[in-house]
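Encoded as structure tokens, the structure appears first; notes follow it.
Number of protein chains: 2
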Amino acid sequence: MWGGAMGRWEPGTGERLARAALDLFAEQGYGGTTVDRIAERAGLTKTTFFRHFPGKREVLFAGQEAHHRRFVEGIAAAPATATPLEAVGAALDAATAPVTRAQRAMGARLEAVVASTPELRERQAFKRAALAADLAAALRERGVLDPAASLAADLAVRAFTGAFSRWCRRGEARTLGEIARQELRELQIAMAALE
Amino acid sequence: MWGGAMGRWEPGTGERLARAALDLFAEQGYGGTTVDRIAERAGLTKTTFFRHFPGKREVLFAGQEAHHRRFVEGIAAAPATATPLEAVGAALDAATAPVTRAQRAMGARLEAVVASTPELRERQAFKRAALAADLAAALRERGVLDPAASLAADLAVRAFTGAFSRWCRRGEARTLGEIARQELRELQIAMAALE
DNA sequence: AACGTGATGGCACCGAGTCACGTCACCGCG
DNA sequence: CGCGGTGACGTGACTCGGTGCCATCACGTT
């Protein structure tokens, strides 16, 4: 069962828990699933669950720190001559490039669960607000003043989330980065038309 | 109706609970305050607390439904010839006019508590997202297409929250509505400068 | 005087989250 | 070979947010 010279415990405990959680949430809903039951399906216990995730909700949003960081660093890494919107575009490239197909596969299921659970939508709104705040700070670091920095950061988050949502739909052939770039262009056009 | 011989229970139960909660949150922090203690200070019990508020967090955000509604209706009530941004301006007027001095007095204390409690900031982010979504829907009702509707709605929420925050600071002599209008203008300028 | 009503208290219960402590394999070391 | 340290996990008790059911008791009504 533990092929070769593996450790004492099955590896990938956190991932097993996350999969069990997503499965159960899809089957019985978020509120109808207890942490005990998630741990049980993963062959573990409640205590171990909370050792791997700070809370029941976080099990679905785990592993986004890397994406968050790449997004923010993409702003800082943009050439110094870039305008705010060009920096946002560069950050979108940096953020979309490393996204894997596996994440696309989970995206649809995850979106369905989140959409049907106010508590999770709340968590998502907060994560996006936090990301936007960090992006705005990175833009201010480049000398962009408020409220332009906050606005540009909001455009970035909006373009990415919209693009990811479309990318997860079947029949979408384009690259995530391509969609994100187009979303940003459309936002820019709508913004210009607002006056 | 309650004159002379008052009723069996002290009136304003919900308000007493809300005041007790805000006091205790300011004294001991949000996480360090139990619902039992809030109810105790109000001379009531936990059960009664949950009869008046759907949750511990909601005690601070109670009474915002009316503001939310006026804001959204302000969009619909704008003249049919108004541009999206003009409709947003009209909605800001409709939303800011009925705000009382009492709400200003609580604003500062409330802001401090919310700022120091991630759980409450999360709730606030969600409420703002929900408001923005409703405003965007009202704009779409007027024929504004996405993503322009969402962007304009975001500007509205941003202008209001920024204005309210400034309005709560001491030494601020202007009207809430005036500040909101100026915030909107500044956002408009920053938006135009983004390209 | 009897009755219905409505806001409240009391109580049992569930689930999320925390904590202290025990367990057991693996690892390094003598 | 044995021995103690380490790290991941289990166990059980606990707190607290939140729900549901039933009892209470003043008030108004009939």
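Chains as they are written, first to last, in UniProt numbering: chain S, 1 to 195; chain U, 1 to 195. Using N, Cα and C, we set each Cβ at its ideal position, and we do this for glycine too. On a predicted model such as this, the values are computed, not experimentally measured, just so you know.
Quick check on residue i - is its C-beta less than 9 Å from some C-beta in chain U?
i         : result
S/Thr-83  : yes
S/Arg-123 : yes
S/Pro-98  : no
S/Phe-71  : no
S/Leu-60  : no
S/Phe-49  : no
S/Glu-40  : no
S/Phe-126 : yes
S/Glu-141 : no
S/Leu-135 : no
S/Ala-129 : yes
Are residue i and residue j close, meaning C-beta to C-beta below 9 Å?
i                      : j         : result
S/Leu-60               : S/Leu-24  : no
S/Leu-120              : S/Arg-57  : yes
U/Ile-75               : U/Ala-87  : yes
U/Ala-163              : U/Leu-155 : no
S/Gly-171              : S/Thr-117 : no
U/Trp-167              : U/Arg-104 : yes
S/Ser-165              : S/Glu-122 : no
U/Ala-82               : U/Ala-94  : no
U/Ala-125              : S/Ala-129 : yes
U/Thr-48               : U/Thr-13  : yes
residue 200 of chain S : S/Ala-20  : With chain S running from 1 to 195 in the structure shown, residue 200 of chain S is simply not present.
U/Ala-90               : U/Pro-79  : yes
U/Asp-146              : U/Ala-159 : no
U/Val-99               : U/Ala-26  : no
U/Arg-16               : U/Gly-55  : no
S/Val-157              : S/Pro-84  : no
U/Ala-62               : U/Phe-53  : yes
U/Lys-127              : U/Gln-188 : no
I'd like to know if residue i contacts chain S, where contact means its C-beta is closer than 9 Å to some C-beta of that chain.
i                      : result
U/Arg-181              : no
U/Arg-158              : yes
U/Gly-7                : Since pLDDT at U/Gly-7 reaches only 49, below the 50 mark, its modelled position is unreliable, and the value read off the structure follows with that caveat. So, not an interface residue.
U/Met-64               : Sequence check: residue 64 of chain U is Gln here, not Met. Answer no: the Cβ-Cβ gap between U/Gln-64 and chain S never drops below 9 Å.
U/Ala-148              : yes
U/Ser-90               : Sequence inspection shows Ala at residue 90 of chain U; the Ser mentioned does not correspond to that position. By this cut-off, U/Ala-90 is not an interface position.
U/Asp-154              : yes
U/Leu-145              : yes
U/Gly-162              : yes
U/Ala-102              : no
U/Ala-193              : yes
residue 203 of chain U : Since the first and last residues shown for chain U are 1 and 195, residue 203 of chain U lies out of range.
U/Leu-151              : yes
U/Arg-16               : no
Cβ of residue i within 8 Å of any heavy atom in the ligand PLP?
i        : result
S/Asp-36 : The model on display carries no ligand, and the ligand PLP is accordingly not part of it.
> At what residue ranges does the stretch 93 to 141 of chain S contain a whole run of the alpha helix (DSSP H), taking only runs of 4 or more?
Replying inline: 101 to 115 and 118 to 141
> Along the chain, which unbroken stretches of the alpha helix (DSSP H) at least 4 residues long are found entirely within the stretch 59 to 87 of chain S?
Replying inline: 65 to 77
> Does the count of Cβ pairs from the stretch 179 to 194 of chain S and the stretch 149 to 165 of chain U closer than 8 Å reach three?
Replying inline: yes
> Between the stretch 177 to 191 of chain S and the stretch 61 to 73 of chain U, do three or more beta carbon pairs fall short of 8 Å?
Replying inline: no
>> Quick check for students: name the residue ranges of the alpha helix (DSSP H) that lie wholly in the stretch 146 to 173 of chain U, counting only runs of 4 or more.
In response: 148 to 168
> What are the start and end residues of each continuous alpha helix (DSSP H) run of 4 or more residues lying completely inside the stretch 12 to 54 of chain S, in chain order?
Replying inline: 13 to 28, 35 to 41 and 46 to 52
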